[in-house]
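Engineer: My questions will all concern the structure given below.
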Amino acid sequence: MHSILKIVTITRYSQLAVALVALAVAAGQMDGQVELPAPESEPEEEVGTTPSSELTPGAPGQLRPDEGSPVAGGNPVTFPEFGIGRHFLLSGSLNAGYDDNVNLVPGGSPSWYVNPTANFRYQFGSARLAMDLLTGGGINYYFDHPGGRDYDPIVYLQFSLADKVGPRLTIDLSTTLAYQSQPEFGAELGANRFLGNYFRTDDKLGAHYRLSPRWSSVTRYFLSAVEYENSAASVHDRLQHTFSEQLRYLWRPTTTLSGEYRVALNESQAAEGESTTQSLIVGAEESFSPRLRASLRSGVQFRLSGNNGQRFSPYVESSL
């Protein structure tokens, strides 16, 4: 089996992401100096977003049900905010607490800890271009050194960019880079227990096209990768490419129906080796208010693995 590190390295993607961020910030500077005309669109297509969380750049922009969006049927992804000008933010925090199982082992590994952090955020939004950059870092220092473990580092960069190319088309990209030790239980890749320090990246590129007042399409590409520093944990190194095409229909002013085809190409050092997963998904989204939206999606997945053969499984996803 070829090592996943020979196929791709996190460092390479980190350099690419940093280059994209630099180009986007430069574009933001130019956009701020030359006022770009707003794309020609009907008043009902004006986007209304909610303020985003300090630690989550470009929090999901909830749209008023009667205002539409850049794509018909609502905005299914995260966009940074348009029309907000420039904003800079420096912040820091100091937290302390007690963890009864730092190393996530059956016998427990308790310790008191302290967690200092520092963050920098830059936001820019014109009528056409919007971006959100958040970077920072910190440590968790353990006073009792459980299992010889003194501290956990975390350094991260999150960046999102959206460009209204035309009245019907919006392009967006986002990237998350992190170096840390604590497992990410909400992430699809990686282990669910402590295995030492690791790098991870999640990158997305999407095109949102309004076909008509009720129909829209969303084309996406996702890249996710995890690489552990400890060679003993390299069996959990993962690389995943995902392509998806979604068709959305605005059934009612507050209800959107969708259908999606998705294919994921997985490379792993684990025993299952390489695999391909294809999914057919249908769903519905309901907007109750500008800040409250619920969705339910279900379908079927077909997984083909070089070592485990073929397998069908149901797919269910809900959010509120």
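When we follow the working numbering, the leftmost residue of the sequence shown carries the number 1201, and every step to the right adds one. C-beta atoms are modelled at their ideal positions from N, C-alpha and C, and glycine is treated no differently. In this text the structure is predicted, and so the values were computed from the model without any measurement.
Restricting to Cα atoms, I'd like to know which of 1372, 1291, 1518 is closest to residue 1282.
Structural biologist: The residue given as residue 1282 occupies position 82 in the sequence shown. Among 1372, 1291, 1518, the Cα nearest to that of residue 1282 is on 1372.
Engineer: Using the Cα positions of residue 1396 and residue 1366, report the straight-line distance between them to the nearest angstrom.
Structural biologist: Indexing the sequence shown from 1 puts residue 1396 at position 196. Indexing the sequence shown from 1 puts residue 1366 at position 166. In a straight line, the C-alpha of residue 1396 is about 46 Å away from that of residue 1366.
Engineer: Just the C-alpha distance for residue 1489 and residue 1508, rounded to the nearest angstrom, thanks.
Structural biologist: Within the sequence shown, the letter at position 289 stands for residue 1489. Within the sequence shown, the letter at position 308 stands for residue 1508. Cα to Cα, the separation comes out at about 45 Å.
Engineer: Taking the C-alpha atoms as reference points, what is the distance between residue 1415 and residue 1369?
Structural biologist: Residue 1415 sits at position 215 when you count from the first residue of the sequence shown. Residue 1369 sits at position 169 when you count from the first residue of the sequence shown. Taking the straight line joining both Cα atoms gives about 13 Å.
Engineer: Can you have a look at residue 1408 and say buried or exposed, based on whether 16 or more other CB atoms are within 10 angstroms of its CB?
Structural biologist: Within the sequence shown, numbered from 1, the residue matching residue 1408 stands at position 208. Burial call: buried.
Engineer: Following the continuous beta strand (DSSP E) through residue 1467, name the residue where it begins and the one where it ends.
Structural biologist: As a working mapping, residue 1467 is identified with position 267 in the sequence shown. Unbroken beta strand (DSSP E) run through residue 1467: 1455-1468.
Engineer: Under a Cβ-count criterion, where at least 16 other Cβ atoms within 10 Å of its own Cβ denotes burial, should residue 1482 be classed as buried or exposed?
Structural biologist: Counting from 1 along the sequence shown, the entry for residue 1482 is found at position 282. Result: exposed.
Engineer: Please report the distance separating the alpha-carbon of residue 1406 from that of residue 1382.
Structural biologist: The residue given as residue 1406 occupies position 206 in the sequence shown. The residue given as residue 1382 occupies position 182 in the sequence shown. Computed Cα separation, rounded: 29 Å.
Engineer: Are three or more beta carbon pairs between the stretch 1423-1433 and the stretch 1454-1462 nearer than 8 Å?
Structural biologist: Judged by Cβ distances under 8 Å, the stretch 1423-1433 makes no contact with the stretch 1454-1462, as fewer than three pairs qualify.
Engineer: State the Cα-Cα distance for the pair residue 1286 and residue 1346, rounded to the nearest angstrom.
Structural biologist: On the sequence shown, position 86 is the one that residue 1286 refers to. On the sequence shown, position 146 is the one that residue 1346 refers to. Roughly 44 Å between the two C-alpha positions.
Engineer: State the CB to CB distance for the pair residue 1360 and residue 1332, rounded to an integer number of angstroms; the pair is presumed to be in contact (CB under 8 Å).
Structural biologist: The residue given as residue 1360 occupies position 160 in the sequence shown. The residue given as residue 1332 occupies position 132 in the sequence shown. Indeed they touch by this definition, with Cβ atoms about 5 Å apart.
Engineer: Please report the residue range of the beta strand (DSSP E) in which residue 1348 lies.
Structural biologist: For the purposes of this step, residue 1348 is taken as the residue at position 148 of the sequence shown. Counting along the chain, residue 1348 falls outside any beta strand (DSSP E), and DSSP gives it neither H nor E.
Engineer: I need the straight-line Cα distance from residue 1446 to residue 1417, nearest angstrom please.
Structural biologist: Stepping through the sequence shown from its first residue, residue 1446 is reached at position 246. Stepping through the sequence shown from its first residue, residue 1417 is reached at position 217. Whole-angstrom Cα-Cα distance: 6 Å.
Engineer: Which ranges would you report for the beta strand (DSSP E) in the stretch 1303-1380 if only whole runs of at least 3 residues count?
Structural biologist: Those beta strand (DSSP E) runs which fall completely within the stretch 1303-1380 and span 3+ residues are 1311-1325, 1329-1342, 1351-1364, 1369-1380.
Engineer: Following the continuous beta strand (DSSP E) through residue 1279, name the residue where it begins and the one where it ends.
Structural biologist: Residue numbering aside, residue 1279 sits at position 79 when the sequence shown is read from its first letter. No beta strand (DSSP E) contains residue 1279, which DSSP labels as neither H nor E.
Engineer: Do the CB positions of residue 1319 and residue 1291 come within less than 7 Å of each other?
Structural biologist: Translated into the one-based positions of the sequence shown, residue 1319 becomes position 119. Translated into the one-based positions of the sequence shown, residue 1291 becomes position 91. Yes; because the gap between Cβ atoms is below 7 Å, this pair is in contact.
Engineer: With burial defined as no fewer than 16 other Cβ atoms inside 10 Å of the residue's Cβ, what is the status of residue 1480: buried or exposed?
Structural biologist: Within the sequence shown, the letter at position 280 stands for residue 1480. So residue 1480 ends up on the exposed side.
Engineer: So what does DSSP say about residue 1412, is it helix, strand or coil?
Structural biologist: Reading the sequence shown from its first residue, position 212 is the one you call residue 1412. Here residue 1412 sits in coil by DSSP.
Engineer: Once the 5 residues before and after residue 1308 are set aside, which same chain residues still bring their CB inside 8 Å of it?
Structural biologist: As a position in the sequence shown, residue 1308 is number 108, starting the count at 1. Same-chain partners within the cutoff: 1300, 1301.
Engineer: I need the boundaries of the beta strand (DSSP E) containing residue 1436, first residue and last residue.
Structural biologist: Against the sequence shown, residue 1436 aligns to sequence position 236. Note, residue 1436: premise wrong, no beta strand (DSSP E); not H, not E.
Engineer: Whose CA, out of 1356, 1280, 1348, 1433, lies closest to the CA of residue 1326?
Structural biologist: What you label residue 1326 is simply residue 126 of the sequence shown in a count that begins at 1. Ranking the options by Cα distance to residue 1326, first place goes to 1280.
Engineer: Kindly list the residues whose CB is nearer than 8 Å to the CB of residue 1498, restricted to its own chain and excluding five residues on each side of it in sequence; keep chain order.
Structural biologist: Counting from 1 along the sequence shown, the entry for residue 1498 is found at position 298. Once the five neighbours on either side are set aside, the close Cβ partners of residue 1498 are 1481, 1482, 1483, 1514, 1515, 1516, 1517.
Engineer: Beta-carbon separation of residue 1464 and residue 1477 under 7 Å?
Structural biologist: Locating residue 1464 in the sequence shown gives position 264, counting from the first residue. Locating residue 1477 in the sequence shown gives position 277, counting from the first residue. Taking 7 Å as the Cβ cut-off, residue 1464 and residue 1477 qualify as a contacting pair.
Engineer: Looking at C-alpha atoms only, which residue of 1501, 1506, 1520 is the closest neighbour of residue 1491?
Structural biologist: Counted from its first residue, the sequence shown places residue 1491 at position 291. With distances taken between Cα atoms, residue 1491 lies closest to 1520.
Engineer: In or out: residue 1340 buried (at least 16 other Cβ within 10 Å) or exposed?
Structural biologist: Reading the sequence shown from its first residue, position 140 is the one you call residue 1340. So residue 1340 counts as buried.
Engineer: What span of residues does the beta strand (DSSP E) with residue 1501 cover, start to end?
Structural biologist: Start at 1 with the first residue of the sequence shown, and residue 1501 comes out as number 301. Taken as a continuous stretch (DSSP letters only), the beta strand (DSSP E) holding residue 1501 covers 1492-1505.
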